[in-house]
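Protein chains in written order, with this note's numbering: chain G, 24 to 136; chain W, -17 to 94.
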């Protein structure tokens, strides 16, 4: 079955600095990949998705991610973060014809002034 | 356009009791999935409903059951509650399986 590993549980960063949140996946078949953000006491909001096509995916709030099949990675990046980006970020993977979406344990991004 | 709505937002139960959580999907969506998110962890897939049938199930015991109604809304039922069932229960909807899912804000279930 597919699985996801988020390599950093916490990432502290200063405002306006760049950030990368790392995600590796494992699957024996082709995958769909997602990044979600969760603010306190809220559900998950989709940031971006890779279903097929271009490996560089742009999402909302200035985030982007690159699908790297050879390294089985889908790292999330933002060139300049804001205080409002402080939240929990989840990487998720699913495969065709399997509705069991697997989530990583999450990365807590804390943006400091 | 209303998104995914869940009720109630918070619930406190005691061990051994039964609970029902409710979800209305985003307008136009026909597929509903349920997830359990324990504190400090990522969501775990419980099951998915489509056309009023359970399409797929994760690794959860039979104490967890569900239902989908003709209007696509859904319920999650948990019997014989255990302390370990304390979690945020998230409902997500999509149009077809494998399409990006839209999540509700969840129901926080606390077991005493």
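Where is the CB? At the ideal position from N, CA and C, for every residue including glycine. Bear in mind that the values here come from a model prediction, so they are computed numbers and not experimental data.
- Taking a cut-off of 8 angstroms on C-beta distances, the stretch 116 to 130 of chain G does not touch the stretch 48 to 57 of chain W, as fewer than three cross pairs fall below it.
- When the five nearest sequence neighbours on each side are left out, the beta carbons in the same chain lying within less than 8 angstroms of the beta carbon of residue 48 of chain G are those of 25, 26, 27, 28, 54, 56, 95, 96, 97, 114 and 116, in order along the chain.
- Within the stretch 58 to 74 of chain G, the residues whose Cβ lies closer than 9 angstroms to any Cβ of chain W are, in chain order, 59, 61, 64, 65, 66, 67, 68, 69, 72 and 74.
- The Cβ-Cβ distance between residue 78 of chain G and residue 90 of chain G falls below 9 angstroms.
- Around residue 87 of chain W, the beta-carbon contacts reaching into chain G at under 8 angstroms are 64, 65 and 66.
- When Cβ-Cβ separations below 9 angstroms define contact, residue 38 of chain W makes contact with chain G.
- Closer than 9 angstroms to the CB of residue 17 of chain W there is at least one CB belonging to chain G.
- When the beta-carbon positions are compared, residue 66 of chain G and residue 87 of chain W come within less than 9 angstroms of each other.
- Between residue -11 of chain W and residue 4 of chain W, the C-beta gap is smaller than 9 angstroms, which places the two residues in contact.
- Residue pairing from DSSP places residue 35 of chain G in a beta bridge opposite G:133.
- With fewer than 16 other CB atoms across the displayed protein chains lying within 10 angstroms of its CB, residue 106 of chain G is exposed.
- Only 13, 15, 17, 19, 22, 23, 24, 25, 26 and 27 from the stretch -1 to 27 of chain W bring a Cβ to less than 9 angstroms from some Cβ of chain G.
- Under the criterion of beta carbons closer than 8 angstroms, residue 122 of chain G and residue 30 of chain W qualify as touching, at roughly 4 angstroms.
- Per DSSP, reduced to three states, the secondary structure at residue 67 of chain W is helical.
- Residue contact check for residue 45 of chain G against chain W: no CB pair falls below 9 angstroms.
- Under the three-state reduction of DSSP output, residue 84 of chain G falls in the helix class.
- Looking at the backbone, the Cα of residue 84 of chain G and that of residue 103 of chain G are separated by about 11 angstroms.
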